[in-house]
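Be aware that the sequence shown starts at -2, since it is given in our numbering, and climbs by one per residue.
One structure below.
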Amino acid sequence: MSDYEIVSVTSQNLDRYDLFCKKSKPKEAGYTDKVAWFQKRHVEGLRLQLLLVDEGKKNKVSRGFIEYIPGEYAWRAINASGWLFVHCLWVVGRNKGKGYGTQLLETCLQDARENGFPGVAMLVTGGNFLAKGKLPLSLGFEVADEAQNFQLLAKRVGDTTEPLPSLPTNWEERAAAWGDGITVLHTSQCPYNIETVETVRQIAEEQGVAFKEHQLTTATEVQELSPTPAGTFALIKNGELRGYYPHTHKQLAKMLA
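Right under this line is the structure:
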């Protein structure tokens, strides 16, 4: 019997599995919002493959996942129509370094081969958000584009001459469009965003700065409005991008000082 398995989470079996992020607090708004988001996106082709590992307990436990979707529906500010696009790839704790990340990414690549996609694309970063580039580059991905702290990687599958995906170029213009004060853009794709929005609201009050939030509710909004490739979260002050993923109160206050 294998010490792990990868299962495809669907709207029909979600009650038996989880969406990984925030799974320990399934009644919190961030997780329930993610569930609702997942169910809507699933009909658009969203797939979540969950890594279950045998740790000597009664049942295998979830210790990683990969989430991907057809590029035209991606909740990242990218141009990848027709490709499969990876939102998130994550393996946690002592399970890192055992090849599970490779298996998860290979699952996505096989999905692309079987369903006629020209290839798979994903964002990577050297920061603390999204995967780093070492694993996909080792599996034959190449750098398709770069912006801010991100690289857009892509790998063709089969014989195709389809142009590689790309990134927008008007990042400063996108940030400036939100004007003065502190603005938070967020989506339900990441269940950690709700808490961060409230933290930023508190910081804005402490600084005596005008605050506004805007929830991006469609993939098109994310692709066209986000001032960062990350897409699911953006922290803007006086028309300048300050951050692109959830932080602690102390980190956020420093970024907004």
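We put the CB at the ideal spot given by N, CA and C, even for glycine.
Item, Value
"According to DSSP, is residue 108 helix, strand or coil?", "helix"
"So if DSSP puts residue 230 in a beta bridge, which residue, or which two residues, is it bridged to?", "183"
"Give a single yes or no on whether residue 184 has its beta carbon closer than 7 Å to a heavy atom of the ligand COA.", "Absent from the structure shown: the ligand COA. Ligands present: none."
"Residue 122 lies in the alpha helix (DSSP H); which residues open and close that run?", "It is not in any alpha helix (DSSP H) - residue 122 instead sits in the beta strand (DSSP E) that spans 116 to 122."
"Leaving out five residues before and five after residue 31 in sequence, what residues of the same chain have Cβ atoms less than 8 Å from its Cβ?", "16, 18, 19, 185, 186, 187, 188"
"Pull up the distance between the alpha-carbon of residue 251 and that of residue 232, whole angstroms please.", "12 Å"
"Just checking my contact of residue 83 with residue 117 at CB under 8 Å: how many whole Å lie between their CB atoms?", "6 Å"
"Roughly how many angstroms separate the alpha carbons of residue 155 and residue 98, rounded to a whole number?", "22 Å"
"Put residue 156 into one of helix, strand or coil per three-state DSSP.", "coil"
"Does the distance from the C-beta atom of residue 144 to that of residue 178 stay below 8 Å?", "no"
"Starting from the C-beta of residue 246, find all residues in its chain whose C-beta is less than 8 Å away, skip the five residues before and the five after it, and write them out in chain order.", "196, 199, 200"
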